[in-house]
Structures are given as C-alpha cells and as structure tokens.
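Trainee: What follows is a structure written as structure tokens; I'll ask about it next.
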Amino acid sequence: MPITVTLRTAGSDRWVLSHYDAGEACRAHRHAGLQTSWMIAGDYAEDSEAGRIEASGPTLSVKPAGFEHANVFGPAGALVLSWNRDGRGETSYGVRACSDGQIDDLRRSHDPSVIGMLPVPARRAPSVWVRHARDRLLASADGTATLARGVGTHPASLARAFRREFGTTPARLRDHRRLARVLGDLVRTDLPLADVAALHGYSDQAHMTRRVGAAAGWSPAVLRRLFRQG
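Residues are numbered in this note's numbering as their position in the sequence shown, beginning at 1, plus a constant of 85.
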C-alpha cells in the first residue's frame with residue numbers, strides 16, 4: 086500500500102507526497118482533476134490508451150482529468166510528489182525525464198510553469214536492447230565500457246541511448262536506483278540513519294544526507310518525520 090502525506094492545500098489544490106512499495110500495482114483508475122506528478126526516485130511502468138511508458142529516475146508526468154491509467158512500480162519502489170487540481174484544463178497526457186534541480190524548483194515553487202515544463206510529450210517504452218542493458222546495469226557493478234561490450238555496442242552509443250530513453254547516463258541511473266532503495270528504508274523502516282547509509286554503500290551518514298537532500302529537498306531525518314507525522 087502507498088504511504089501518503091498531504092504537504093499543502095490551497096483552495097482546491099492539494100500537494101501530496103507518496104511512497105509506493107517495491108512491485109506495488111495500482112489498478113486502472115482516473116483522477117477527478119488535473120494531476121501533475123514528479124517521481125523523485127524510483128521506477129514505474131504505466132499503461133493507458135496512449136500505450137505503455139516506462140520511467141526511471143526523476144520524471145515529470147501530467148494527466149488530464151478523467152485519464153485512465155494503471156501503474157506498476159519497480160523493484161526499489163518510488164517516491165512521488167503530486168499536485169492535484171480541480172478542473173480539466175487544456176493539458177494533454179505526457180511523461181518526460183527531468184533533473185534533480187528541476188524537481189527541487191518544483192517542490193519549492195509549487196508551480197511547474199516556472200521552468201516551462203508543461204505540456205510534455207508522451208514517451209514510449211524503451212527499446213528491447215536498451216531495457217536489457219538497463220537491467221544488466223542495475224543487477225551488477227559493471228562500468229559502462231563492460232556493460233556496452235556485454236550488449237554488443239560502443240560505450241558512446243550506450244550513453245546516447247540511455248540519454249534518449251531515460252534522460253540520464255548509466256551511472257546516474259544506477260545512482261537513482263540506489264537512492265530509491267534508500268528512500269524506501271527511510272519511509273518504511275526504523276533503521277538508524279547511519280545503518281541505512283552503510284547498508285546502501287554510502288561512505289557515511291553525511292554522504293547519504295547530501296544525496297537525499299539534493300534529490301528530494303528534505304534531509305533524511307525531515308523526510309522520515311514528514312511521513313511519521315502524516
């Protein structure tokens with residue numbers, strides 16, 4: 086089950102932070118109003134009348150009112166910030182990768198228009214070979230050159246494919262998967278923060294705190310407290 090906390094309400098607008106567990110599925114559903122969501126870290130697949138898209142790492146998603154969709158979240162779960170609004174508006178469905186910095190701007194401003202990200206084009210599922218390369222990357226500690234050889238391509242071609250399909254580099258994609266696992270432990274367990282850092286290979290708690298803060302805009306302690314209070 087998702088764990089959610091309402092961060093802010095303003096009139097009919099509501100900002101909600103949700104954590105979805107690893108492998109969690111949301112059956113086909115619709116939202117009454119326009120929804121703009123930012124996946125801070127994690128992975129998901131989404132099926133709708135527009136086809137299937139697969140997203141990894143920081144991702145912006147826009148869904149018009151009444152748009153039916155179903156989701157399955159990846160093996161590390163996902164942390165998602167959603168802005169729910171009344172009314173239908175003029176926005177069409179779209180999904181696209183974005184940066185940690187853009188996520189933080191959106192979190193602080195509560196307005197995606199400040200960085201010109203609406204509307205966004207829909208993105209299709211990655212090609213089979215890129216998906217295979219991603220799965221190999223996330224299952225091993227291999228560097229880009231070794232990974233490229235394993236899938237029969239050049240490292241530069243692999244890097245371009247990851248940038249095109251996921252909006253990031255192989256190294257950053259692996260880092261975001263680790264971050265997603267960290268966020269899951271922060272939200273869903275009571276492990277001491279130093280233990281979470283050690284478990285996921287950070288040099289110390291301060292290193293993990295900097296990484297979480299850069300991606301989510303909250304420190305691990307504050308993020309954990311938000312969900313406990315919610």
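Note that beta-carbon positions come from the ideal geometry of N, C-alpha and C, so glycine has one too.
1. Could you pull the start and end residues of the alpha helix (DSSP H) that Gly340 belongs to?
2. From which residue to which residue does the alpha helix (DSSP H) around Phe247 run?
3. Quick one: what's got a C-beta closer than 6 Å to Thr89's C-beta in the same chain, skipping five residues either side?
4. Around the Cβ of Glu134, are there at least 16 other Cβ atoms within 10 angstroms (buried) or fewer (exposed)?
5. Enumerate in chain order the residues of its own chain whose CB-to-CB distance from Val199 is below 7 Å, with the five nearest sequence positions on each side excluded.
6. To the nearest angstrom, how far is the alpha carbon of Asp280 from that of Met293?
7. Tell me which residue opens and which closes the alpha helix (DSSP H) that Asp220 is part of.
8. Opposite Gln120 in the DSSP bridges: which residues?
9. With DSSP as the reference, identify every bridge partner of Ser288, one or two as the case may be.
10. Whole angstroms are fine: how far does the CA of Val267 sit from the CA of Gln314?
11. Flag this pair as yes or no: are the beta carbons of Leu125 and Val157 separated by less than 8 Å?
12. Hey, out of Cys111, Gly302, Asp220 and Arg99, whose CA is closest to Ser141's CA?
13. Exposed or buried, what is Trp168 when buried is set at 16 or more other beta-carbons lying within 10 Å of its beta-carbon?
14. Going straight from the alpha carbon of Glu250 to that of Pro211, what length do you get?
15. Tell me the residue span of the beta strand (DSSP E) that contains Gly269.
16. Taking the beta carbon of Ala299 as the centre, do at least 16 other beta carbons fall within 10 Å, making it buried, or is it exposed?
17. Give the secondary structure of Asp106 by DSSP, where H, G and I count as helix, E and B as strand, and everything else as coil.
18. Starting from Ala95 and walking both ways along the beta strand (DSSP E), at which residues does that stretch end?
Mentor: The structure says:
1. This structure gives no information on residue 340, because the portion of the chain shown stretches from 86 to 315.
2. On the sequence shown, position 162 is the one that residue 247 refers to. First-last of the alpha helix (DSSP H) with Phe247: Pro240 to Phe251.
3. Working through the sequence shown from its first residue, we reach residue 89 at position 4. Correct list, in chain order: Val101 and Ser103.
4. Counting from 1 along the sequence shown, the entry for residue 134 is found at position 49. So Glu134 counts as exposed.
5. Within the sequence shown, the letter at position 114 stands for residue 199. For Val199, the pLDDT reaches just 48, beneath the cut-off of 50, and the residue's location in the model is therefore unreliable, leaving the point undetermined.
6. Translated into the one-based positions of the sequence shown, residue 280 becomes position 195. Translated into the one-based positions of the sequence shown, residue 293 becomes position 208. Their backbone Cα atoms lie some 11 Å apart in a straight line.
7. Position 135 of the sequence shown, counting from 1, holds the residue named residue 220. Start and end: Val213 to Ala224.
8. Position 35 of the sequence shown holds residue 120. DSSP lists Lys148 and Asn169 as partners of Gln120.
9. Position 203 of the sequence shown, counted from the start, is the residue given in the question as residue 288. None; Ser288 has no bridge partner.
10. As a working note, residue 314 is residue 229 in the sequence shown. As a working note, residue 267 is residue 182 in the sequence shown. When rounded, the distance between both Cα atoms is 19 Å.
11. Counted from its first residue, the sequence shown places residue 125 at position 40. Counted from its first residue, the sequence shown places residue 157 at position 72. Note on identity: in this sequence residue 125 is Ile, with Leu being the wrong assignment. Not closer than 8 Å, so no.
12. Translated into the one-based positions of the sequence shown, residue 141 becomes position 56. For the residues Cys111, Gly302, Asp220 and Arg99, the minimum Cα distance to Ser141 belongs to Asp220.
13. Locating residue 168 in the sequence shown gives position 83, where the first residue counts as 1. Flag for Trp168 reads buried.
14. Within the sequence shown, the letter at position 165 stands for residue 250. Within the sequence shown, the letter at position 126 stands for residue 211. When rounded, the distance between both Cα atoms is 6 Å.
15. Position 184 of the sequence shown holds residue 269. Boundaries for Gly269: no beta strand (DSSP E) harbours it, while the alpha helix (DSSP H) harbouring it runs Pro255 to Arg273, taken from the DSSP string.
16. One-based indexing of the sequence shown puts residue 299 at position 214. Ala299 is exposed by the Cβ-count criterion.
17. What you label residue 106 is simply residue 21 of the sequence shown in a count that begins at 1. Note: Asp106 maps to coil in three-state DSSP.
18. As a first step, residue 95 is located in the sequence shown; it is residue number 10 there, counting from the start. That run of the beta strand (DSSP E) goes Ile88 to Ala95.
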